[in-house]
Amino acid sequence: MHRLSACYSGERERSGPLAFGHANILRAITVDDDPTRNNLAMVFPVPDLPPAEVVGFVEVLLRRHESLRTTYRLGPEVTQHVAGSGELLVELVEADGDARATAERTAKRFRGRWFDLQEAPPLRVAVVTVDGVARHLVWVVSHTAMDVATCEILLREWSALTAGRELPPAGPQPLDVVEFEQKPFVRRLAQASARYWEARLREVPQAMFPVPAAKTSAKTDWHHPGLRIRSRAVMAHLAAVSERTAASASTILLAAVNALVCHRTGQSTCVTTSLYGNRAFQQLADLFGTISQDALLSVPVPETGTFDELVHDVRAQSLAAYRAAWYDPAVVWDVITRVTAERGASYARDVVFNDMSPLTGTGDVERSALNRLPWVWIPGGTDLETDDAELDASLEWLPPENVPSRFVVYVYRLDEELDVTFLVDPVCLDRDEVTEFGRALLRLLRAAAERDLPLKEVAGSTALRPVTRGEGWYPADSCWIEIDAVRGLLADVLGDRPHFVEAVPDEAAGYRLVCYLTGPADPEDVHRQCVERLPGRVTAITPHEYVVCASPPDDPADAGGWRARLVVSSSSGRGGPR
């Protein structure tokens, strides 16, 4: 294996804490069971240059951007340390046949290895050559150093360097964002964001896809196949709805996704995590680093409404959610932990919407691509060739990708072409159902272009059937729950202790869950253990009331017998507002 050294020295060396979005992604990586899913892989073209000249361009980027030469100290106080001098070994890979295919294989190999963020910079680079001449740059980086917006900046700068153009002054560095976040108005914004998250988490369904426990109890594999949909015709449909509603194409697309998800799941509210770049502040637009965070949207989807009304609601909720996407992750994670304990429901990040389309087509960045993130990003591509005559669209299956959510939407283009990919957990929708979801999305937008479509007519646009829930399913506290899943949760906690869980009709909550058990028992301790076991049980919540009885009935499965027993104490087992 041949390597060249990309060296830098005499640069600014400094240390400090992490900005909010930076800290959040570092937390995700360090607690993740597979941190490689947060590695970003890219393959960029090189215009037939000597490898040493390409490595020289890499040196320019290392000197220019502090996030590429940063290591971390993990502990109670996490800090980042920017090196002023150092060396990055760049691997030289002679192509074995197809140079681009060699580059893609190299990128996948690099991406499959985790970064030791405490010991080495978060970057791996290779130059793929043909007969010793550079043809492609392979760039694999940890998400701690770059987000998607930064990837676009990198491609823009790489294109300029290889074309011999001068680069503009570098944008802000990650430690500059820390200073920015000390401004009083940013602190107030973060405090308001925490309040927003708490209010939403207290009322939303804990899971948009409450999949039966029998299908999810042993889930460990989050590799989901991807369906890529491309269409030019649908852009006219989006434009027609936009003219009526004054909403963006992205908002309209998200509204259509919300409508179909609720049609499938039987939910009356759609909860979406929308990734937000947090670059609305002009001074951060050219930041080379990572500051994107989750925005939490909760949108009612009533059957009595219309599609235009849903678009308006999605737009209003999006604006509020995006304002609340600038938050201190330590504070919001404390909120999540506290609300989970007080509510007894563990929020599942089921539906994710990641609109990258505003980042494409800017400057020298190529709009089309052979592959996109989270796969290996390879700019370029071929003309759209439709294979669905009815909908004038192309539907293509992509290899599985590792995403720890059940329904992920990546939006890549919303200009003269729609380019969107769905990554869906097969326990929620199988391949045929995902295909039908995609086709239904295009049909829905086509119908909505002609008139303000009543939402009750959505069912007529798709062969995708709503899930059916039979005996043992109950609506409780905005969540669909399986009584057997709740009983399984309590059995794990209480073991052989006699107990029984029943669902009691409740005018406000739909149903309340009551757990009867024999004493002596501490309801707060029982509740705490239930909360600890909640994650991953998307059809279970903790009981709303724990009733401690002096003795069990002759038949521990007899609800009436438990109600007739002498009650020693009764408690919710939790503190805080309810």
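Counted the way the numbering used here counts, the sequence shown spans residues 9 to 586.
Glycine included, each C-beta is placed from N, C-alpha and C at the ideal position.
Residue i - containing beta strand (DSSP E), residue span
{"i": "residue 68", "result": "Where residue 68 is concerned, there is no enclosing beta strand (DSSP E), although the alpha helix (DSSP H) it sits in stretches over 59–72."}
{"i": "residue 526", "result": "518–526"}
{"i": "residue 89", "result": "87–90"}
{"i": "residue 380", "result": "Looking at the DSSP string, residue 380 is not in any beta strand (DSSP E), and its letter there is neither H nor E."}
{"i": "residue 303", "result": "301–308"}
{"i": "residue 552", "result": "Note, residue 552: premise wrong, no beta strand (DSSP E); not H, not E."}
{"i": "residue 487", "result": "487–490"}
{"i": "residue 10", "result": "10–16"}
{"i": "residue 131", "result": "131–138"}
Which listed residue (the options) has its alpha carbon closest to that of residue i
{"i": "residue 521", "options": "169, 540, 495, 566", "result": "495"}
{"i": "residue 436", "options": "57, 205, 272, 177", "result": "272"}
{"i": "residue 440", "options": "452, 428, 416, 403", "result": "403"}
{"i": "residue 588", "options": "63, 255, 501, 321", "result": "Past the edges of the chain, shown from 9 to 586, lies residue 588, and the structure says nothing about it."}
{"i": "residue 76", "options": "141, 110, 155", "result": "155"}
{"i": "residue 298", "options": "510, 568, 73", "result": "73"}
{"i": "residue 489", "options": "218, 540, 410, 386", "result": "218"}
{"i": "residue 228", "options": "485, 280, 386, 414", "result": "414"}
{"i": "residue 114", "options": "45, 438, 122, 49", "result": "49"}
{"i": "residue 123", "options": "84, 171, 553, 46", "result": "46"}
{"i": "residue 549", "options": "145, 350, 332, 111", "result": "350"}
{"i": "residue 126", "options": "332, 146, 38, 105", "result": "38"}
7 Å Cβ cutoff met for residue i and residue j
{"i": "residue 260", "j": "residue 242", "result": "no"}
{"i": "residue 630", "j": "residue 433", "result": "Residue 630 lies beyond the range of the chain shown here (9 to 586); nothing can be said about it."}
{"i": "residue 311", "j": "residue 472", "result": "no"}
{"i": "residue 295", "j": "residue 179", "result": "yes"}
{"i": "residue 134", "j": "residue 101", "result": "yes"}
{"i": "residue 412", "j": "residue 230", "result": "yes"}
{"i": "residue 582", "j": "residue 535", "result": "yes"}
{"i": "residue 284", "j": "residue 264", "result": "no"}
{"i": "residue 182", "j": "residue 30", "result": "yes"}
{"i": "residue 65", "j": "residue 169", "result": "yes"}
{"i": "residue 281", "j": "residue 384", "result": "no"}
{"i": "residue 152", "j": "residue 129", "result": "no"}
{"i": "residue 576", "j": "residue 527", "result": "yes"}
{"i": "residue 192", "j": "residue 275", "result": "no"}
{"i": "residue 146", "j": "residue 111", "result": "yes"}
Residues of its chain near residue i, where Cβ-Cβ distance is below 8 Å and the 5 sequence neighbours each way are ignored
{"i": "residue 512", "result": "519, 520, 521, 522"}
{"i": "residue 573", "result": "524, 557, 558, 559, 560, 561"}
{"i": "residue 590", "result": "No information on residue 590 is available, as it lies outside the stretch 9 to 586 that the chain covers here."}
{"i": "residue 35", "result": "337, 341"}
{"i": "residue 343", "result": "202, 205, 206, 209"}
{"i": "residue 24", "result": "87, 88, 183, 186"}
Distance between residue j and residue i (C-alpha atoms, nearest Å)
{"i": "residue 185", "j": "residue 221", "result": "43 Å"}
{"i": "residue 538", "j": "residue 348", "result": "11 Å"}
{"i": "residue 570", "j": "residue 551", "result": "15 Å"}
{"i": "residue 318", "j": "residue 308", "result": "8 Å"}
{"i": "residue 501", "j": "residue 346", "result": "20 Å"}
{"i": "residue 119", "j": "residue 399", "result": "36 Å"}
{"i": "residue 430", "j": "residue 234", "result": "5 Å"}
{"i": "residue 356", "j": "residue 314", "result": "28 Å"}
{"i": "residue 236", "j": "residue 529", "result": "54 Å"}
{"i": "residue 267", "j": "residue 467", "result": "10 Å"}
{"i": "residue 470", "j": "residue 451", "result": "8 Å"}
{"i": "residue 103", "j": "residue 150", "result": "25 Å"}
{"i": "residue 160", "j": "residue 316", "result": "33 Å"}
{"i": "residue 14", "j": "residue 93", "result": "11 Å"}
{"i": "residue 67", "j": "residue 419", "result": "33 Å"}
{"i": "residue 3", "j": "residue 83", "result": "With the chain running from 9 to 586 in the structure shown, residue 3 is simply not present."}
{"i": "residue 323", "j": "residue 382", "result": "26 Å"}
{"i": "residue 330", "j": "residue 504", "result": "48 Å"}
Contacting residues, own chain, Cβ-Cβ under 7 Å from residue i (five flanking each side not counted)
{"i": "residue 371", "result": "Low local confidence applies: a pLDDT of 46 at residue 371 is under 50, so the model's placement there is unreliable, and no value is given."}
{"i": "residue 61", "result": "none"}
{"i": "residue 257", "result": "246, 250, 422"}
Residue i: first and last residue of the uninterrupted alpha helix (DSSP H) it sits in
{"i": "residue 204", "result": "192–209"}
{"i": "residue 570", "result": "567–571"}
{"i": "residue 337", "result": "337–351"}
{"i": "residue 241", "result": "241–253"}
{"i": "residue 166", "result": "156–170"}
{"i": "residue 409", "result": "Run containing residue 409: none in the alpha helix (DSSP H); it sits in the beta strand (DSSP E), 402–410."}
{"i": "residue 330", "result": "315–331"}
{"i": "residue 21", "result": "No alpha helix (DSSP H) holds residue 21; DSSP gives it neither H nor E."}
{"i": "residue 273", "result": "257–273"}
Same chain, Cβ closer than 6 Å to residue i, five either side skipped, listed in chain order
{"i": "residue 143", "result": "54, 107, 136"}
{"i": "residue 456", "result": "249, 315"}
{"i": "residue 339", "result": "202"}
{"i": "residue 491", "result": "480, 511"}
Residue i CB to nearest heavy atom of the ligand ADP below 6 Å
{"i": "residue 335", "result": "Among the components modelled here there is no ligand, and therefore nothing to report on the ligand ADP."}
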